[in-house]
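Worksheet: the structure to be examined is printed underneath.
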Amino acid sequence: MLCLGGSQVIVAAQAATVSPHGSLDTECSECHTVGGWNQLREPVLFDHATTGFPLRFGHAKASCVSCHENLEFSFVATACADCHEDPHAGDLGSNCESCHSADRWNNRRRIFDLHSATLFPLTGAHAIPDCASCHREEPPFEFAATPTNCFACHASDYQNAARPDHVQQRFPTRCEECHAPTRWQESSFLGGADFDHALFFPLVDAHERVECASCHVGKSFAGTPRDCFSCHRQAFEQATNPNHRSAGFPQACEQCHGMMAWDPADFDHHEFFELKGAHKETTCDSCHTGGPYAGTSTDCYSCHRADFEETKDPDHQNAGFAPTCASCHDESTWLGASFEHDSFFRLSGAHRKAACGGCHQNGVFAGTPRDCFSCHQADYDQTTNPNHAAVGFSTTCQSCHTQKNWEGAEFDHDLVFKLTGAHRSAACESCHQGGVYTGTPRDCFSCHQSDYDGTTDPNHMAAGFPTSCKTCHGTDRWKGAAFDHDQLFRLTGAHRKADCDSCHQSGVYKGTPRDCVSCHQSEYDGTADPNHVAAGFPTSCETCHETDRWEG
């Protein structure tokens, strides 16, 4: 009874015990011993990795309470910043493991690798110094706001540089233009390997061998001009063959001179005016009279005005020739001009053999008309078969005439009115009465009104036939018209055999109705089986009746 009662007491005591660790699904014995609640096993059997946070390196040596200040383990965070105070004050975010690891806080190698992914990879001398040389490592720590330009760190090197004096010479503060990241003293500005002079001015030919001071006078580097004339002005002013100043030469020296030497100059005249033919052998002063070169005209007339004015065959000046000499003359010689007449007026037929004076009367060429009538008005006025002026023919002579000769014109009547059937053999005056051609009507009725009026079977006028003759008549002859009744009313069944006057009473055709009841009213009214009128049948007869017969 005593033992039983004792075990009951023990069981009751165990049942009343509540774990301080919250809802932890593990046996107490994995961490605690029977010797006491505050005494941990050595080693602890609990696998911390099952929580998602394995204990490695420094974390494996830490006491449980260093992280679990509250013994309710289920509410412990796993982020580094939850346990470790951020010395960067949030400047680099909360992802501590991007730079630090669990084995040690200052993992220089890892930080070096990570630095290569930033805006400033560590190369040359930058890979050697301690982080504190660029990043202040005393609170407040500075990383994200660290500048990446050279001058921010090397301002003292810039200000103390004496060969040359960077401040005095107003050198740019872009240190990387001359210096490499190995060290400051290895500047290539004065003969080192890193400075690329081509970034400012490429040194080629004679410029490669010249002393720096010849361009950088007084050791002045900033603002050194890059154009040729600024350095070679004296050579320009002293040149006498030709005299550059008096001749008005441009100051763009590179147009004639190379970088090997000032003499000899290699001038490419083609850049201004291409020398061809006789121009290649002429002397310079024949165009550049008195020595001025600048502003010399490049058009032919400016030099050849005397040739233009003195030419008499033909007389260029009095004939009104345009002063565009290149239209007829080439650069070989003034004489022997080759004029391309087709560029103004194409010469074909009789025009090719005609004398120039035939069109260019009194030697006047400028303003010569190019239309036929201006030259051939006399031919137009004198033609009597037919009389062009009297009948009002168009003055566009090429409508009928060619350039071979005036007579023997071939007029294509189809362009105005197509001649078919009997029209092809009809005499011209049968339509063009009195020899009048202009304004001749093109409709049938205007010529065939007498045929229309005289026709009695049927009587066109009385029947009110339309005056569009071609509806029934062809161009072969007036009689024998073929009228297609289907165009107005389709004849089917008994209608095909009916006499015309059964519908067209008293010979009246115009206005003849086309509905059935208008002709068949008597049949409609007289039908008794059934009685159409009494029954109120519709008068649209075709609903029930065919055109063969009324009954049935």
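Offset between the sequence shown (1-based) and the working numbering: plus 800. In this text, a Cβ means the ideal position worked out from N, Cα and C, and glycines have one as well. No experiment lies behind these values; they were computed from the predicted model shown.
Terminal residues of the beta strand (DSSP E) in which residue i lies
| i | result |
| --- | --- |
| GLY1359 | The structure shown has nothing for residue 1359, since the chain only spans 801 to 1352. |
Nearest-angstrom beta carbon gap, residue j and residue i [assumed within contact, 8 Å]
| i | j | result |
| --- | --- | --- |
| HIS1104 | CYS1125 | 6 Å |
| LEU999 | GLU977 | 6 Å |
| THR973 | TYR958 | 6 Å |
| CYS1197 | TYR1180 | 7 Å |
| HIS848 | ARG841 | Not really, about 14 Å apart at Cβ, beyond 8 Å. |
| CYS867 | HIS884 | Between HIS884 and CYS867 the Cβ distance is about 11 Å, and since that is not below 8 Å, they are no contact. |
| VAL844 | GLU830 | 7 Å |
| HIS1223 | THR1292 | No, HIS1223 and THR1292 are not in contact; Cβ-Cβ is about 36 Å, not under 8 Å. |
| THR1353 | TYR1252 | Shown here, the chain extends from 801 to 1352; a query on residue 1353 therefore has no answer. |
| PHE1211 | CYS1200 | 4 Å |
| GLY1048 | ALA980 | That belief does not hold up - the Cβ atoms of GLY1048 and ALA980 are roughly 48 Å apart, past 8 Å. |
| PHE1139 | CYS1128 | 4 Å |
First through last residue of the alpha helix (DSSP H) which encompasses residue i
| i | result |
| --- | --- |
| ASP957 | 950-960 |
| LYS861 | 858-861 |
| MET1261 | 1260-1263 |
| GLU1032 | As written in the sequence, residue 1032 is His, which differs from the Glu given in the question. 1028-1038 is the span of the alpha helix (DSSP H), which, as asked, contains HIS1032. |
| GLY1158 | 1156-1159 |
| SER1174 | 1172-1182 |
| HIS1007 | 1006-1009 |
| GLY1254 | 1244-1254 |
| GLU1229 | 1228-1231 |
| VAL865 | 864-867 |
| ASP882 | 880-883 |
| CYS1012 | 1012-1015 |
| ALA1189 | 1188-1191 |
Minimum C-alpha distance to residue i - residue among the options
| i | options | result |
| --- | --- | --- |
| THR918 | SER898, TRP1134, ALA879 and PRO1169 | SER898 |
| CYS975 | ALA1155, LEU824 and ASN949 | ASN949 |
| PHE1217 | TYR1237, ASN1205 and CYS1172 | TYR1237 |
| GLY1192 | ASP886, CYS828, TRP1350 and GLY1235 | GLY1235 |
| ASP1142 | GLN1117, LEU1135, HIS1116 and ARG1170 | ARG1170 |
| PRO1313 | HIS900, GLY1336, PHE1289 and ARG1296 | PHE1289 |
| LYS1204 | ASP1251, THR1255, TYR1252 and ARG1152 | ARG1152 |
| ASN1043 | ALA1094, GLY1023 and CYS1015 | ALA1094 |
| CYS1231 | CYS1247, GLY1239 and SER1225 | CYS1247 |
| ASP965 | GLY1239, GLU1346, PHE1021 and LYS1279 | PHE1021 |
| THR1184 | TRP1206, THR1202, CYS1172 and SER1174 | TRP1206 |
| ASN870 | HIS821, THR1271 and VAL844 | HIS821 |
| PHE853 | CYS1303, HIS926, ALA879 and GLN969 | ALA879 |
| VAL1317 | ASP1257, GLU1110 and THR1347 | THR1347 |
| THR1040 | PRO981, HIS1223, ALA1150 and PRO1064 | PRO1064 |
| ALA1262 | HIS1069, CYS1272, TYR1309 and THR1275 | TYR1309 |
| ASP1214 | HIS997, ARG1242 and ARG1026 | ARG1242 |
| TRP837 | ASP825, SER823 and VAL818 | VAL818 |
| SER1046 | HIS1069, PRO1092 and ALA1013 | PRO1092 |
| GLY1023 | GLU1131, PHE971 and HIS1070 | PHE971 |
| GLY1136 | ASP1027, PHE873 and THR1111 | THR1111 |
| HIS1070 | ASP886, LYS1080 and ALA1061 | LYS1080 |
| SER1148 | THR1083, ASP1257 and CYS1172 | CYS1172 |
| GLU1351 | THR1343, GLU1323 and ASN1187 | GLU1323 |
| SER1174 | ARG1026, CYS1100 and THR1195 | THR1195 |
Distance cut-off 7 Å: residue i Cβ against heavy atoms of the ligand HEM
| i | result |
| --- | --- |
| SER1199 | With respect to the ligand HEM, the structure shown offers nothing to examine, as it has no ligands at all. |
Below-8 Å beta-carbon distance, residue i vs any chain D residue
| i | result |
| --- | --- |
| ARG1146 | Looking at the structure shown, chain D is missing, and only one protein chain is on hand. |
My parser needs the alpha helix (DSSP H) runs of 4 or more residues fully inside the stretch 1283-1336; what are they?
1316-1326 and 1332-1335
Across the stretch 1066-1079 and the stretch 1029-1040, are there enough close Cβ pairs to call them in contact, namely three or more that are closer than 8 Å?
no
Looking at C-beta atoms only, is the number of pairs between the stretch 1106-1126 and the stretch 1159-1173 that lie closer than 8 Å three or more?
yes
Report yes or no: do three or more beta-carbon pairs, one from the stretch 942-956 and one from the stretch 888-897, lie closer than 8 Å?
yes
Check whether the stretch 1283-1293 touches the stretch 1324-1333, taking contact to mean three or more Cβ pairs, one atom from each stretch, closer than 8 Å.
no
Alpha helix (DSSP H) runs wholly inside the stretch 1054-1116, at least 4 long, in chain order:
1100-1110
Is there contact here, the stretch 1049-1056 with the stretch 1107-1118, by at least three beta-carbon pairs under 8 Å?
no
So does the stretch 1268-1282 actually touch the stretch 1333-1344, counting three or more Cβ pairs closer than 8 Å?
no
Please list the segments of the beta strand (DSSP E) lying wholly inside the stretch 893-928, counting only runs of 3 or more residues, in order along the chain.
none
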